[in-house]
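Participant: Protein chains in written order, with the working numbering: chain B, 1 to 566; chain D, 1001 to 1463; chain U, 2001 to 2310; chain Z, 3001 to 3343. We put the CB at the ideal spot given by N, CA and C, even for glycine. Since the structure is predicted, the reported quantities are computational estimates derived from the model, not experimental observations. One structure follows; several queries about it will come next.
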Amino acid sequence: MDKQPPTYRDPMSRLAVRQLLWLGALSLAGFVALMGALAWASSITGGSAISGRAVDYETKTITRALAQEPPQLDSTRATDQVSIFVLGHIMEGLLRYDASNRLVSGVAERWDIRPDGATFWLRDDARWSDGRPVTAHDFVFAWRKIVDPANASEYAFILYYVKNGEAINGGQMAPEALGVTAVDDRTLEVEFERPVGFFDKLVAFAVYLPVREDFYDSRDGRYGADVEDLVYNGPFMMTRWVHGAHLRLEKNPQYWNRNAVQLNVIDMPYVTSDTAAVVNLFKDGSIASATLGAEQLDDAMKLRWKLGRYSDGSVFYIDFNFRQERLTSNFHLRRALQLVNDSGELVNKVIGLPGYLPAVSLFPIWLNGVEGPFRQEYPPPVVTPDLALARQHLERAKQELGVTEIPPLVLLTGDAPIANKQAEYFQNLFQRTLELEIRIDKQIFKQRLEKMTSGDFDMVAAGWGPDFADPLTYGDLYASWNGNNRGKYNNPELDEQVRIAQNALDQQTRMDAFGEIQRILIEDAVQLPNYERGLVYVEDPRLKGVVHRSVGTDPDYSTAYLVENP
Amino acid sequence: MNVAVRFSPADFAPVVAEQQLQSISRPSLSYWQDSWRRLRQNRRTFASLWAVVTLGVLTVAGPWVWRVDPAVQDIDQISQAPAWPSSALIVPSYTPWVAVTAMPTRQGDAVTNLRLAESASTQAVRLVWEPVVGAAGYVVYRSVYNPAPDRALGLPIGEVLGADQVSFEDRLGLEPRRYWYSVVVTDENRAEQEAYAVLVIDAVRTVSAEDAELRGWVEDASALAPGEQIGLPYHPLGTDYLGRDMLARLLYGARVSLFIGVVAPLLFVLVGVVWGSAAGFLGGRIDQLLMRVADFVIALPFLLFMILFKIAFGIGPGESGVFPMLVALVLLGWPSTARLVRGQILQVRQEGYIAASQLLGARTGYLVFRHMIPQTMGVILVTLTFAVPSAIFTEAFLSFIGMGVAPPTPSWGSMANEGIRTMLSHPHELLFPALIISVTVLAFNLLGDGLRDALDVRMRGRE
Amino acid sequence: MLTYTLKRVLQGIVTVWFIATATFVAMHAVPGDPLANQRATNEQIRLNLEQRYGLDRPVSEQYLVFLGGILRGDFGISFTQENRRVNDIIRENFPVSATLGILAVAFAALGGILLGALTALFRDRVPDLAIMFLVILAISVPSFVVAAFSQLMLVDINAYLGFSLLPVAGWGTLRHMIVPSMVLGLGTMAYLTRLMRSSMLEITSADFIRTARAKGLPPARIFLKHQLRNAVLPVVTVLGPAIAAITTGGFVVELVFAIPGLGRYFVEAVQQLDYTVIMGTTVFYGAFLVSMVIVVDLLYGWIDPRVRLE
Amino acid sequence: MIPAGDAPVLHVKDLCVEFDTHGGVVRAVRGVSFSVRPGKTLAIVGESGCGKSVSVQSIMGLTPIPPGRITRGSAWLDGIDIVRQKIVNGEDVRGNRIGMIFQDPMSALNPTMRVGDQIAETLQVHRGMSKRDAFARAVEVLALVNIPDADARARQYPLAFSGGMLQRAMIAMAIACEPDVLIADEPTTALDVTIQAQILELLKELQRKNGMAIVLITHDLGVVARMADDVVVMYAGEIVESGTVDDVFYRAAHPYTVGLKAAMPSRDTSKAVSLLPIEGAPPDLFRAPEGCGYAERCSHAMALCGPHRPQRFEVDPGHHAMCWLHHGDAPQRVDAVYRGGRT
């Protein structure tokens, strides 16, 4: 039999494939129908249409992404950067920063700051988005709310400068006792707890924003939770808030300075913390700005993007645990670690992102001193890496501690990628140079905080972002009474300088005190500065006038505008 | 009747029926022999078996063969793609550079005479230029591409404030390659001028003798004179984001990933077998109780509880976090095996041959080992094989959301997770771990397929 | 049928209780302080917060309050989004996850069945080998790699075409759903393809297929009416667990494609130790999965007459 | 041979089927020829594995290819070789001109389809009936095979049927198109004895009504005696004896047939005849024997039986046997030894 025997398979499969194609087409149709139905259903439940383009010159619209969802937009409880960014656009405090980072008039038309208090005269054309005037009572209500312990505001401490603020927050006094009064609708009178030379900078901070009492009460505890649970007095107002998905700001027609606002819409239909996704969106022309990570720089150069950089104001460092039972309470051990620490190597080789600066002090480079930059007026003592000297200090540390070998040290760190990188780098650095064994203790945020508070660490990778543009935002971190001094550093000499800095009115005196604090921190090896964080960003060339700053609303679109052909 | 052949009478002599035993030309195969034969016959499966064996050997012996410490950070060769070995020029150790100032005398949009203060190396690139009157400061850009014609200046690597500041030192992640440096003048509002000055340089890879000693490349720094060349550590698969050897990390990572991938399934399958066979044998109330518990555990959303358990157990300082992951995997993984084994035991118990064996007086022990175990063994083995890839994936997934093993322990999942960030700029950091995960998962999957075909009793005799 | 359904529902309720208890126990075993904040606050505030969330009460009481809340369908107030109820978070974000999940399951099931049938038809020939190769690829590449790659490819495709074929990320319209749901469903589709293939091959040699052929039915009819339908059954049984895996495994896709689903909330809540959100989402997901499994089982009974009679 | 005018409806010639297995090639069917006349029943008898089912299944195109392979032979139905024409006209033949029923009715019906639909399907395909008409006809056919309450039963799934009922349904399915030939592959093996009788009776009755030819495959000689007009005895893939039922039963011409008969329990219990098993087992078809496959088990084997394949001897008109005992030179003739052995 030379002929191939017949098989049933060929016609079978041919016919079946045809059938299968039919089925495939049918199921595809079904799939599309299902998608359509779901899209329709989700549009009912509040889904959102996305304009899709980065910049629309005709409608003066820009689209951007948000790193995360604001937990809420109740200014008395806001703590995170995203909330502060949004609040900076939809609300306005007494004062605000202009495009050149100068303090200018906001709701307050004029102001007067004295050693014992301050007076703010409110402009009469400041309006809420429902047309009602912004009054001094709105500020009184908001500030009382912040120090009211029932409100549990994390930022209450920032109002401790106002008379009785701390006592109220500690539950010893009623909120009504707060030293702030509305003399009339247009005049706000503030009494200080102690002299404060930078109160004007404080009132520009998001926590000092006004909240309207009648509206707050009408929301039944949901103030700031949703788009209808807010009333706005800033250059923009929120017109859409799909949680976790979409925020849309539109120009506030009631804003007193509406003519200066050029953008009509800031649309934020993407919420993701994934930098790669954000860069992809920018690349795709869907959003008008993106922040780059080190890993995207090559691509950015290849695509010939015009990049910008700025410092976001925060400083990162390694804190030591000064509790008696901890080895790190020994000066020589800390000094040895300080002498092998090379923040230049960390930033230049490991982090490799242009915005970052090697930190040499707790006080970042952008802070201003008496007249010029603080760090130019008070250059920090230089610590040059010196391995031989470091080993000497290590030997002395061993003698003083009475050990032949330093037991493993615990380095507590967070779970962010860069924190890992940093911890691994330090582990290897201290091993390589001083033959110290470092154990990395990587914890999620809240677990790390608990370990920090309870002192369960030797070293911890920490950082601090500024709340206001005065060195004091950093200066009191190591005061023995400060709750944020989680390593429990206790140095009367430093405490004394902090007191001076807090209470003095004279700028020179205060800055001298900060200079002293800076010296103590370095000479006593209280912490190891790592880097000042910076950001590299790319913006759509048609978008101009966006302000990036270290303190306050960042980025700020209230002065931004569009050009048709860049 | 055609009678083509003629026969002799002898042909018709009766043969004594000697009842010869039937000779069977087909070899008789035991269950395991037959399974092994099927396994070998399936080339894909056999190849994957080899792959699994190779992986095992690599895991155990790899670190002895490639004797590079996976923790050593070669800071000079960060995120290096696989390449031939390279060398560096010995230079004096780095000394900080004092900024240069000059009084501006010249008007203009851009700085002039942009030049190198000293030869460009990977240690530092030092630029100086002639200042411009009225400048508030200068911004320095660096690119690996020519900024002309569309003024794509590249990375803004630094800014100096003050018209008289005319120098800049760049140390940011320098590699031995060509760079275009541009300097732009800024005004008081920190707005940049359109014009720019550009300088092309080629950076040379250098290292100081002291650094070479510190990194253990040479015994004694003084043996190296500036101008000499020194060979750098070789990384066949490149390095990661901290300059650690990828090959060494992959090999050590195999220990973690395969440990989790193999031990966790082994453990939970063991628990499942004990649990399931207890339920199957004991029956009745106990069976009900045991299986109800299994049902509950199986209903837990796996990944959610994986994460919950992971944070509930916590990872102490210096711990790798492998153990909590193992415990979590075992806690959540056993019920499916238990169900399967119980089902098998119940099924086997009903089979005729068990009853037959019992009738013939077989003891329980004999029943279990001769009949029940071989019958369930196949299913268990297959479950085990398929559990390995899913455990490896779970590890990778947890690493992706930042809940994996703690640094600096390398695992394939955490390496892939790190690599995915640098996917565009340094693809090798993702490629190698992802590839080895894929190969492992693939090998175990194919092996599982093959095993199932080979061990499935129903498949016997069917081809 | 009714009693069976009732029994299953009752069992489901007990299972949900078990999930709730397990979650509660796990949550309270977690080290760390959910009320800790970056900036230190004073004792009074802490007491107030503990009171607000009932953390000042004994654990047994907290447990009862928690169970009571579940019975009333109230999971409490979020720790991090202090003005929002967990119910609101679920109500707003679960539909997104569910939409994504349904599409992914639909994609996986349809694709898996079709491709599986194809491979079985072309056993050991080019289409079979090609599909199985892709299937193996899909099974062996981690989902986060697939997600990241598909996004990158989308960027390149859009750039190449010069217009936005499909959006790179985000949520809201039909076009946003396509790629994420495909990425999410890919692994399951590959798994179902393999299952379908082996199930098809098994059915090919079944007696009733021989009968159908002896009856002289056209191959297409045999394929459709006899082979496909019976081969699909085992696929349906794994659909329940598949839905579970897909809906809870959506974190990666939600993160990469900036999709406001519940999975992302869960991961964020875990990192923030947001007790109420973690417990609420877990219990909700658990209940969802349990009901999904019940639904699939009932569905299976409807499809397969053998099960229906039992 | 076959009388003129009584032309066979199905005529199989020299059929050879092989299977590829891991052990080598199994030559399951080695040159089988038989024919069946309209209205008559041909029984194919033999031990398990002798190639009975494979023969008919390969005619029907039901042998899985590969590993199965028809290497030689033809099957003629109305002047068409259906082995070769399978692709083109297979559907017209199968289920339409030739119906087939199988051994295990439990697994031979699609469990997920209603019984009525499964019968109606055949009608829809071959008769082009509408679904409704076909279903109505299916109910009629079900009634025809003595299924009570056929209308309700047609709407049930196979699971609701007992084994006997399922086999009836199978038969209904096979005869729905009134085929010329009905192939029944061990139709009663899986059924218990009382049901067996009913099924056989049903087949006979249907044959009377429709005048179709039946090819009955069985290892049960009792069934053969009851049903068959002609008998073909197969052993190790070959037909060792063929003839009318009387020829084979009363004038068995092959030692194997004789052995089979001796192994068959007699219904006549008055005679206390002990059953005589055939010693040994059939040869392994991986290595098909050169000579007579039965030689090793045959108590009358001669020297030439081993090396030489027996010729096909016509013992009586239309009665053939493949055994050297019928050779002219053989010292003793098989009929002398065995004929009438049981009568």
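Starting from B/S100, find everything on chain D with Cβ-Cβ shorter than 7 Å and list it in chain order.
Facilitator: N1189
Participant: Take D/G1108 and list the residues in its own chain whose beta-carbon comes closer than 7 Å to its own, dropping the five residues that flank it on each side.
Facilitator: V1132
Participant: Determine, using beta carbons only, whether B/D284 comes closer than 8 Å to chain U.
Facilitator: yes
Participant: For the beta strand (DSSP E) holding B/I318, just list the boundary residues, first then last.
Facilitator: Annotation: the continuous beta strand (DSSP E) that includes B/I318 extends over 307-320.
Participant: Nearest-angstrom Cα distance between Z/V3012 and Z/G3068?
Facilitator: Their backbone Cα atoms lie some 18 Å apart in a straight line.
Participant: So, helix, strand or coil for B/E532, using DSSP?
Facilitator: strand
Participant: Hey, would you say U/A2214 sits closer than 8 Å to Z/R3027, going by beta carbons?
Facilitator: U/A2214 is not a Cβ neighbour of Z/R3027, given a cutoff of 8 Å.
Participant: With respect to the beta strand (DSSP E) encompassing U/R2210, which residues constitute its N-terminal and C-terminal limits?
Facilitator: That residue, U/R2210, is in no beta strand (DSSP E); its alpha helix (DSSP H) goes 2207-2214.
Participant: Any idea if Z/R3208 is buried or exposed, counting beta-carbon neighbours within 10 angstroms, 16 or more meaning buried?
Facilitator: exposed
Participant: Per DSSP, U/G2240 forms a beta bridge with which residues?
Facilitator: Its beta-bridge partners do not exist; DSSP assigns none.
Participant: Out of curiosity, what's the CA-to-CA distance linking B/P466 and B/E523?
Facilitator: 23 Å
Participant: With a threshold of 6 Å on Cβ separation, who are the neighbours of Z/R3309 within its own chain once the five nearest residues in sequence on each side are excluded?
Facilitator: Residues of the same chain with a CB within less than 6 Å of the CB of Z/R3309, apart from the 5 flanking positions on each side, are G3291 in chain order.
Participant: Mapping DSSP to helix, strand and coil, what is D/V1200?
Facilitator: D/V1200 carries a strand assignment under DSSP once its states are collapsed to helix, strand and coil.
Participant: Tell me which residues share the same chain as Z/A3174 and place their Cβ nearer than 7 Å to its Cβ, disregarding the 5 neighbours each side in the sequence.
Facilitator: G3099, M3100, I3101, L3182
Participant: Applying a beta-carbon distance threshold of less than 9 Å, which residues of chain B neighbour U/S2164?
Facilitator: G52, R53, D284, G285, S286
Participant: State the start and end residues of the unbroken beta strand (DSSP E) segment that holds Z/E3018.
Facilitator: 3010-3021
Participant: Can you pull the chain A residues whose beta carbon is under 8 Å from the beta carbon of U/L2289, in chain order?
Facilitator: Reference to chain A is not applicable here, since the protein chains of this structure are B, D, U and Z.
Participant: With distance defined between alpha-carbon atoms, name the residue in B/N341, B/V370, B/A419 nearest to B/P385.
Facilitator: B/N341
Participant: Should U/F2284 be listed as close to the ligand SAM, given that the test is whether its C-beta is under 7 Å from any heavy atom?
Facilitator: This structure lacks the ligand SAM, and indeed carries no ligand of any kind.
Participant: Taking buried to mean at least 16 other C-beta atoms within 10 Å of its own C-beta, is B/I168 buried or exposed?
Facilitator: For B/I168, the number of other beta carbons within 10 angstroms of its own is at least 16, and it is reported as buried.
Participant: Give the DSSP bridge partners of B/S343, in chain order.
Facilitator: Paired residue(s): none; B/S343 is not in a bridge.
Participant: Short check: CB of B/V134 to CB of B/R309, under 8 Å?
Facilitator: no
Participant: Just how far apart, CA to CA, sit D/D1220 and D/R1126?
Facilitator: The alpha-carbon separation between D/D1220 and D/R1126 amounts to approximately 29 Å.
Participant: Could you please give the first and the last residue of the uninterrupted alpha helix (DSSP H) stretch that includes D/N1113?
Facilitator: Not the alpha helix (DSSP H): D/N1113 falls in the beta strand (DSSP E), residues 1112-1116.
Participant: With DSSP collapsed to three states, give me the class of Z/R3030.
Facilitator: strand
Participant: Between D/I1024 and chain U, is there a C-beta pair that is closer than 8 Å?
Facilitator: Legend: pLDDT at D/I1024 = 46, less than 50; position of this residue unreliable, no value from coordinates given.
Participant: Could you check the C-alpha separation between B/A390 and B/Q338 for me, to the nearest Å?
Facilitator: 8 Å
Participant: Indicate whether D/R1421 and B/G414 have their beta-carbon atoms separated by less than 8 Å.
Facilitator: no
Participant: Determine the direct distance from the alpha carbon of U/A2040 to that of B/S273, and round the result to whole angstroms.
Facilitator: 26 Å
Participant: Consult DSSP for Z/Y3250 and reduce its assignment to one of helix, strand or coil.
Facilitator: helix
Participant: Let me check one thing: in DSSP terms, what residues is B/Y561 bridge-paired to?
Facilitator: As a beta-bridge residue in DSSP terms, B/Y561 pairs with B/K544.
Participant: Tell me whether U/K2007 is buried or exposed, calling it buried when 16 or more other Cβ atoms sit within 10 Å of its Cβ.
Facilitator: exposed
Participant: Kindly confirm or deny that the stretch 2249-2261 of chain U and the stretch 260-277 of chain B touch, where touching means at least three C-beta pairs closer than 8 Å.
Facilitator: yes
Participant: Going straight from the alpha carbon of Z/A3176 to that of Z/L3216, what length do you get?
Facilitator: 18 Å
Participant: How about B/G88 and B/A206: do their beta carbons lie closer than 8 Å?
Facilitator: yes
Participant: Here's the rule I'm using: 16 or more other beta-carbon atoms within 10 Å means buried, otherwise exposed. How should D/S1182 be labelled?
Facilitator: buried
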